[in-house]
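Since the structure comes first, as structure tokens, the remarks are kept for the end.
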Amino acid sequence: MEVGHIVTATLLIFYMLLPSSANMIHDNDNLHVGFYDRTCPRAEQIVGNVVSHAVVEFSNILAGLIRLHFHDCFGCDASILLDATPSGEVVEKDSPANGKTLRGLEVIDQAKTRLENECPGTVSCADILAFAARDAAVLAGLLHYPVPAGRRDGRSSRAADTIGNLPPPSFPVDKLTEIFSKKGLTQEEMVTLSGAHSIGAAHCSSFDYRLYNFDPNQSQSQDPSMDLLYANAVKLGCPKLGTPFAENPNKTRVPLDSITPLKLDNMYYMGLIAKRGLLSSDQALANDPNTSKIVRQMALNPITWSKKFGQAMIRMGRVDVLTGKEGEIRNNCRSVN
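Reading the sequence shown from the start, the letters are residues -22 to -1, 1 to 315 in mature numbering (1 follows the signal peptide of the UniProt record, and there is no 0).
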């Protein structure tokens, strides 16, 4: 199983916004910490054990699991996991934005199998995703945070729904802020969640224009907002097409964080301040006056960022969830009942 954390021509992870009708955070009592205390008391422990065993074999699976949760959320109903639906339409995981880039699906399958053996028909796939993402974040270096549970699983998944909801890696701060605002998330939460880019990697095709073709009209091949030494180092990993050693830019990857690429921490923000943001949309957070102060605050306060990241994950995990009698509890995360 390949487990590299990949960015395609769209922003990875939290910028993958699936549409919904309500576009709201559900701050209600239907989601709460300890939801399975009586019905499946070992639920979180089982998920945590599966994630811990997976990382021994595949260290980069942590980034993949965090990304998988982000891809599902902004409507956290495990629709990203479905292989097919009764409608017969192409599902989300097979959309151009997701196809062949999602990692960690097998880990969710393993956790679901163990939970079905322990307490059949009880723990939703959507909650398993939320638990697994939290456990992955903690194993990658984040402070532990509690996950409110009680989500139900959706029965629909349409690749067509992803169209127009996936901002490119060149998106400016105002557009990103607008998207998050529509989902009930603040600009600070947007910048905080950007810290997920502290681990994982991006395909060269998502940023190589910054190295070789930034502004042809101005005869400017390289993005001036990128540190020169950093740009030269990145070019070694992403040689220009047509030159010796150049490979398929859709397959070659570079770490998003050049300082601590395997640790989920606030060094991502230090990199942005040093003009070492790999994606244009990331670097824009440090350059834009509306977000640069937040970036500096996160860079200077690792504990504060870690706590805020957990809080923002909790908030994001409440966006457009199904609860109560809505949806279902799938027997298999890849198919509806």
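Backbone N, C-alpha and C define an ideal beta-carbon position, used for all residues, glycine too. All values derive from a computational prediction rather than experimental measurement.
Can you tell which of ALA138, LYS213 and PRO227 has its C-alpha closest to the C-alpha of VAL68? ALA138
For the 8 angstroms Cβ check, are there 3 or more pairs between the segment 278 to 297 and the segment 187 to 196? no
My output table needs one value for HIS122: the three-state DSSP class, helix, strand or coil. coil
Under 8 angstroms by Cβ, that's how I've got SER30 and LEU117 pegged, so tell me the actual separation to the nearest angstrom. 7 angstroms
VAL273 to ARG45 span [Cα, whole Å]: 21 angstroms
Taking the alpha-carbon of ASP266 as reference, which of LYS285, HIS10, GLN200 and LYS153 has the nearest alpha-carbon? LYS153
Between LYS213, ALA21, MET276 and ASN226, which has its C-alpha nearest ALA104's C-alpha? ALA21
Could you tell me which whole alpha helix (DSSP H) segments of length 4 or greater appear in the segment 181 to 233? 187 to 190 and 206 to 215
Endpoints, the alpha helix (DSSP H) within which ILE86 is located: 83 to 96
Taking the alpha carbon of SER270 as the reference point, which residue from SER259, ILE251, LYS286 and ASN279 has its own alpha carbon closest? ILE251
Could you give the residue range of the alpha helix (DSSP H) that holds GLY26? 21 to 35
Please classify ASN226 as buried or exposed, where buried requires at least 16 other C-beta atoms within 10 Å of its C-beta. exposed
Grouping DSSP H, G and I as helix and E and B as strand, with all else coil, what is ARG308? coil
Give me the residue from PRO147, SER73 and GLY249 with the minimum Cα distance to LEU207. GLY249
What would DSSP say about residue 316, mapped onto helix, strand or coil? Missing from the structure shown is residue 316; the chain here goes from -22 to 315 and no further.
Am I right that GLY128 and PHE13 are in contact with their C-beta atoms under 8 angstroms? What's the rounded C-beta distance? 4 angstroms
For SER313, name the three-state secondary structure that DSSP assigns. strand
Which value, in whole angstroms, describes the spacing of the CA atoms of GLU96 and ASP235? 39 angstroms
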